[in-house]
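Peer 1: Before I ask anything, here is the structure I am working with.
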Ligand code: GAL
């Protein structure tokens, strides 16, 4: 801003300025305003927004840097270049403690020209919890708008960019020329602060104090290849000591009476129903477990577990994998079915003289690590790329595929995430045969080893992978780019899966990426930036999709709310439903979406999602679901039957929140028997 603009305001009597400033200025930019905000240096007593700690800014994609668009270009709106400002990406939040010294915030706003007319966002400014400015929906190419907000006496300011309720695609948002004016002589400066969820915490059932009477949880079906090592820990809660028995276990398997870990190797193919019995001081639990023997019978329900990337990224090592595995058991999550402990990128070293992959010094012995993880009843996963290098630049499997599969089997690996990365430089083009080739190749290599290894494709959805992932032998496939802990990222990854539901099923699942609840942060963990309601939506949505639930958080920092989110068996049972029919969106009215999925016990899981910023009433009619008469409704997050309802069910859905119910009276079926073509 140059002196002329500054003096324009200075020349007006104080009372009038105050009155004007109370009214947020929000208007299309005039050429003059735009030019005023394009100065190289701020006026006296003003600081650029970009001089604050921008690592505190949360956003749906990329990273905000001072004086650059999120795409790394000079900040440009309608052809005007702003030397200063902050380029971000919807959905974005930035909280500033004004230290009582700020008097005004001024910025031009709009979608950066680098998106060439695409993108749609809404800029908002909140001061001490009151919305004081709202740009309204702005599309790429719209004239930039000027925001000017009075901050006199204010404590906190939040700068927010929403996705205008249409997903975050191309939402490159600029706070162009943004600056904060301070009181003359101010001796302190405003500081950016961590985002704190001050929204009301939704009430969800307490799952961390399970009943003393034993209860069996987790998948009702599991599968393995005859002759290969079998491992399944029966997930159980209840007062200890517990003792385990199983009747009808197929030949080759035995259960450890003290740990409930079933080991051995199936002798034959076929469907077997075993009855698991658990005794404890407070009673007995009994549940059937269907065990399917055959080729390609893995991941009959979506994998539940943990992966190192979203929390540790390159800082993963043997010690934090071991402690995560132990925490999986100690936190009680293993007792609800979580069983995979997956190492992501950065474990790899080079190859030995014979071409065998070596782990680097962070992982002194993969075999010892696998033995440890297995001793806890859990399974170990690993990561590689079909290209010469992984996404992190480590050794990939290119031209060593069979050697790597053999090595994984020798180490005792149970799960492989295979990430496209540098294979982009090997593939001749983006045709389906080229996209499929490296996955088919690794599939054939895994088929030759003497160990069951779940195969996870990671190629971000290229070539509509959901349409062919199963034919190419994938047990799950990433359908999206990388998730982060923002509403925009989580919601766009999750809600975009509705059209893919028919491709999911036992042994082959759509994967909208790992979870971002708890302490996450890619090597720099912080409390998730998802609000409480957004976290409820995250777990509800992933469960409706029948997505893998792979935690990506610091397992030593699981707070009560996060644990209650993750060990709710009613919700996990939706995700792990043995019939494996994924849910999809039935309708969307304004900001409410209704998704449903049929469950094996004859009931339906129904989610009412609110993608809006205000609470809204959501109503599902039984006719939407093809149902008639009175239906039993159970609130799954509360684990509570609400009674019988005629016609339908309505509830208020909090902003970005979810009401998740089960509709219908469950049929009393003991064991799930897969249809013939699936066994
Ligand atoms: C990305 C992948 C992430 C993580 C990362 C490791 O391509 O989507 O989930 O695995 O590579 O470098």
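Numbering (the working numbering), first residue to last: 3 to 681.
Beta carbons are placed, not taken as given, at the ideal position from N, Cα and C, and that holds for glycine.
Which same chain residues, not among the five before or five after residue 495, have their C-beta less than 6 Å away from its C-beta?
Peer 2: 482, 485, 514 and 515
Peer 1: Identify every run of the beta strand (DSSP E) within the segment 329 to 405, keeping only runs that are complete inside it and at least 3 residues long; order them along the chain.
Peer 2: 342 to 344, 350 to 353, 359 to 361 and 381 to 386
Peer 1: I want to know whether the segment 515 to 531 touches the segment 300 to 315 - three or more CB-CB distances under 8 Å.
Peer 2: Taking 8 Å as the limit for Cβ pairs, the verdict is that the segment 300 to 315 does touch the segment 515 to 531.
Peer 1: In or out: residue 178 buried (at least 16 other Cβ within 10 Å) or exposed?
Peer 2: buried
Peer 1: Taking the alpha-carbon positions, what's the residue 663 to residue 606 distance?
Peer 2: So the alpha carbons of these two residues sit roughly 8 Å apart.
Peer 1: Nearest-angstrom Cα distance between residue 461 and residue 646?
Peer 2: If you take the alpha carbons of residue 461 and residue 646, they lie about 45 Å apart.
Peer 1: When you measure from the CB of residue 354 to every non-hydrogen atom of the ligand GAL, does any distance come out below 7 Å?
Peer 2: no
Peer 1: Just reading off the alpha helix (DSSP H) that residue 462 is part of, what are its end residues?
Peer 2: No alpha helix (DSSP H) contains residue 462, which DSSP labels as neither H nor E.
Peer 1: Note down, one range per segment and in chain order, each alpha helix (DSSP H) of at least 4 residues found wholly within the segment 607 to 644.
Peer 2: Runs of the alpha helix (DSSP H) lying entirely within the segment 607 to 644 and spanning at least 4 residues: none are present.
Peer 1: Specify whether the segment 99 to 118 and the segment 174 to 189 touch according to this definition: at least 3 beta carbon pairs, one from each stretch, less than 8 Å apart.
Peer 2: yes
Peer 1: Got a sec: does the ligand GAL put a non-hydrogen atom nearer than 7 Å to the Cβ of residue 482?
Peer 2: no
Peer 1: For the segment 67 to 81 against the segment 496 to 506, do three or more pairs of beta-carbon atoms, one drawn from each stretch, fall closer than 8 Å, so that the two count as touching?
Peer 2: no
Peer 1: Which whole runs of the beta strand (DSSP E) in the segment 52 to 130 are 3 residues long or more, in chain order?
Peer 2: When DSSP assignments are scanned along the segment 52 to 130, the uninterrupted stretches of beta strand (DSSP E) that are 3 or more residues long and fall wholly within it turn out to be 77 to 79, 82 to 84, 87 to 91, 94 to 99, 104 to 113 and 122 to 129.
Peer 1: With a threshold of 16 other CB atoms inside 10 Å of the CB of residue 381, please say whether the residue is buried or exposed.
Peer 2: Classification for residue 381: buried.
Peer 1: Report whether the distance from the Cβ of residue 2 to the nearest heavy atom of the ligand GAL is below 7 Å.
Peer 2: In the structure displayed, the chain extends from 3 to 681; residue 2 sits before or after that span and is not available.
Peer 1: Please check the pair residue 420 and residue 387, which I expect to be a contact at CB under 8 Å, by giving their CB distance rounded to whole angstroms.
Peer 2: 7 Å
Peer 1: Going by DSSP, which residues form a beta bridge with residue 650?
Peer 2: 623
Peer 1: Under the assumption that residue 622 contacts residue 650 (Cβ atoms under 8 Å), give the Cβ distance between them as a whole number of angstroms.
Peer 2: 5 Å
Peer 1: In this structure, does DSSP put residue 469 in helix, strand or coil?
Peer 2: helix
Peer 1: Could you round the C-beta distance between residue 1 and residue 180 to whole angstroms and report it? I think they count as a contact, below 8 Å.
Peer 2: Because the chain spans 3 through 681 in this model, residue 1 falls outside it and cannot be assessed.
Peer 1: With DSSP as the reference, identify every bridge partner of residue 277, one or two as the case may be.
Peer 2: Per DSSP, 249 and 290.
Peer 1: Would the C-beta of residue 342 count as close to the ligand GAL, meaning under 7 Å from any of its heavy atoms?
Peer 2: no
Peer 1: Say the cut is 7 Å; is the CB of residue 460 nearer than that to a heavy atom of the ligand GAL?
Peer 2: yes
Peer 1: For residue 473, collect the residues of the same chain with a Cβ closer than 6 Å to its Cβ; drop the 5 residues on either side in sequence, then sort them by chain order.
Peer 2: none
Peer 1: Measuring only from the beta carbon, is residue 208 closer than 7 Å to any heavy atom that is part of the ligand GAL?
Peer 2: no
Peer 1: Starting from the Cα of residue 334, find the closest Cα among 356, 653 and 218 and give me that residue.
Peer 2: Comparing Cα-Cα distances from residue 334 to each of 356, 653 and 218, the minimum goes to 218.
Peer 1: Kindly indicate which residue of 670, 110 and 131 has the alpha-carbon position closest to the one of residue 125.
Peer 2: Of the candidates 670, 110 and 131, 110 places its Cα closest to the Cα of residue 125.
Peer 1: Excluding the 5 residues flanking residue 624 on each side, which residues of the same chain have their C-beta closer than 7 Å to its C-beta?
Peer 2: 630, 633, 649 and 650
Peer 1: Does the segment 504 to 514 come close enough to the segment 580 to 593 that 3 or more CB-CB pairs lie under 8 Å?
Peer 2: yes
Peer 1: Mapping DSSP to helix, strand and coil, what is residue 421?
Peer 2: strand
Peer 1: Name the residue from 531, 192, 172 and 202 whose alpha carbon lies nearest to the alpha carbon of residue 159.
Peer 2: Ranking 531, 192, 172 and 202 by Cα distance to residue 159 puts 192 first.
Peer 1: Could you check if residue 311 belongs to the surroundings of the ligand GAL, using beta carbon to heavy atom distance under 7 Å?
Peer 2: Checking the Cβ of residue 311 against the ligand GAL gives yes.
Peer 1: Starting from residue 434 and walking both ways along the beta strand (DSSP E), at which residues does that stretch end?
Peer 2: Unbroken run through residue 434 is the alpha helix (DSSP H), 434 to 450; no beta strand (DSSP E).
Peer 1: What beta strand (DSSP E) runs, 3 residues minimum, are completely inside the segment 147 to 234?
Peer 2: 147 to 152, 158 to 164, 174 to 184, 193 to 195 and 223 to 226
Peer 1: In terms of alpha-carbon separation, which member of 203, 79 and 297 lies closest to residue 533?
Peer 2: 203
Peer 1: In whole angstroms, what separates the C-alpha of residue 676 from that of residue 222?
Peer 2: 11 Å
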